[in-house]
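To keep things clear, I will list the structure first and then write my remarks on it.
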Amino acid sequence: MSVKAVIFDFIGTLVRVVDYSYEGSVRKLCQSVVESGFDVDSSVFLEVYRKAHLKYREIRYGDLVEVTNAVWISEALNNLGYKIALEDGRVKRVVNAFFQDYLESLKTRKCAKKVLIWASSRYKTGLISNFTYAPVIHAALRKLELNKFFNVILVSHEVGWRKPHPKIFRRALISLKVKPEEAIFVGDSPKEDIEGAKNLGMKTVFVSSQFYDRSMLETAPDGMVENLCQLPKFIRKLSIAV
């Protein structure tokens, strides 16, 4: 059966994170909490916030159910005595402040745009990203001018499920109107991307990144590349082999 679609991971695979400071984002988070009208000490807020974050992290990585940052931020504030709804605009303001530096840190990897031009002219193309706040992914795609290359863009925050859960992969396949064996998944995470896609019957190509290298693989991919510039020849090879 011929290959009809190529689906990509985003962070790590198509983009790099450059000069990012998590501690800086946390400082902006605390500053935004105060500026939004919540009279709380930063150290007290962070203690409650981190407990809520760890609680939902277990759900996200254990059950593969995505939970957005607004949930644990609003829960932290409620635990400090504020009656605040998840949809409160102040919560959104705090989340945006937290991700401001991260969004600016995302840069395209070498050959990323060239590969997407090549792939989108030959196959249906999709993107699946695990991320707790979808606006960051959509904003990054627009900023880097990559959104125009995809027929479907799925973010775990919007879907409700995280890779490697099969439901998020199936959603992409259904949207692209292809069967698993007609699709190639390209990603840098051994478990979320390679294992998740292969378990559903898709062909996979592992791309080494700043986060993962081939020594971390437990499930063998159908192809491996050190950089995106090598990707087209591997996709062609898999297309012929199918």
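So for the sequence shown, the numbering used here puts the first residue at 990; every next one is plus one.
Glycine residues also receive a C-beta, built at the ideal position from the N, C-alpha and C atoms.
Inter-residue spacing [alpha-carbon to alpha-carbon] between residue i and residue j
i       : j       : result
Lys1072 : Leu1053 : 28 Å
Ser991  : Val1125 : 34 Å
Ser1204 : Glu1184 : 15 Å
Lys1103 : Phe1139 : 14 Å
Tyr1045 : Val1080 : 17 Å
Phe1120 : Asp998  : 11 Å
Ile1197 : Tyr1091 : Ile is not the amino acid found at residue 1197; the sequence shown has Ser there. Ser1197 and Tyr1091: Cα-Cα distance of roughly 21 Å.
Ala1074 : Glu1036 : 20 Å
Glu1055 : Ala1065 : 18 Å
Phe1174 : Ala1086 : 32 Å
Glu1024 : Lys1040 : 22 Å
Ile1106 : Ser1010 : 32 Å
Ser1109 : Ser1032 : 48 Å
Val1015 : Asp1008 : 15 Å
Leu1135 : Glu1093 : 15 Å
Asp1211 : Glu1181 : 15 Å
Cβ-Cβ distance between residue i and residue j below 7 Å
i       : j       : result
Ala1209 : Met1191 : no
Pro1169 : Leu1206 : no
Lys1146 : Tyr1122 : The sequence as given places His at residue 1146; Lys does not occur at that position. It is a contact, given that the beta carbons lie within the stated cut-off.
Ile996  : Ala1161 : yes
Cys1100 : Leu1227 : no
Thr1097 : Leu1133 : yes
Cβ-Cβ separation, residue j to residue i (assumed contact under 8 Å), whole Å
i       : j       : result
Arg1199 : Gly1001 : A small correction: the amino acid at residue 1199 is Gln; Arg does not occupy that position in the sequence shown. Their Cβ separation, rounded to whole angstroms, is 7 Å, which keeps Gln1199 and Gly1001 in contact under 8 Å.
Ala1129 : Leu1095 : 5 Å
Leu1165 : Gly1115 : 6 Å
Lys993  : Lys1113 : 6 Å
Ile1062 : Ile1117 : With 8 Å as the limit, Ile1062 and Ile1117 do not qualify as a contact, their Cβ atoms being about 25 Å apart.
Exposure label - residue i; buried when at least 16 CB within 10 Å
i       : result
Leu1043 : exposed
Ser1012 : It is worth fixing the name first, because residue 1012 is Glu in this sequence and not Ser. Label assigned to Glu1012: exposed.
Arg1151 : buried
Ser1021 : buried
Ile1163 : exposed
Asp1177 : buried
Closer than 6 Å: residue i CB and nearest the ligand PLP heavy atom
i       : result
Arg1016 : In the structure shown, the ligand PLP is absent, as is every other ligand, since no ligand is present at all.
Neighbour flag for residue i against chain B, beta carbons, 7 Å
i       : result
Gly1185 : Absent from the structure: chain B. Only one protein chain is present.
ask   = Curious, which full-length alpha helix (DSSP H) runs of at least 4 residues does the region 1149-1228 contain?
value = 1155-1165, 1185-1188
key: Inside the region 1071-1117 only - alpha helix (DSSP H) runs reaching at least 4 residues   = With a minimum length of 4 residues, the continuous alpha helix (DSSP H) runs that stay inside the region 1071-1117 are 1078-1094, 1101-1109.
message = For a minimum of 3 consecutive residues, which ranges assigned as the beta strand (DSSP E) are wholly contained in the region 995-1019?
response = 1004-1006
request  = Output the residue ranges of the beta strand (DSSP E) runs that lie fully inside the region 1019-1076 and measure 3 residues or longer, sorted by chain position.
outcome  = Taking only runs of at least 3 residues, no beta strand (DSSP E) segment lies wholly in the region 1019-1076.
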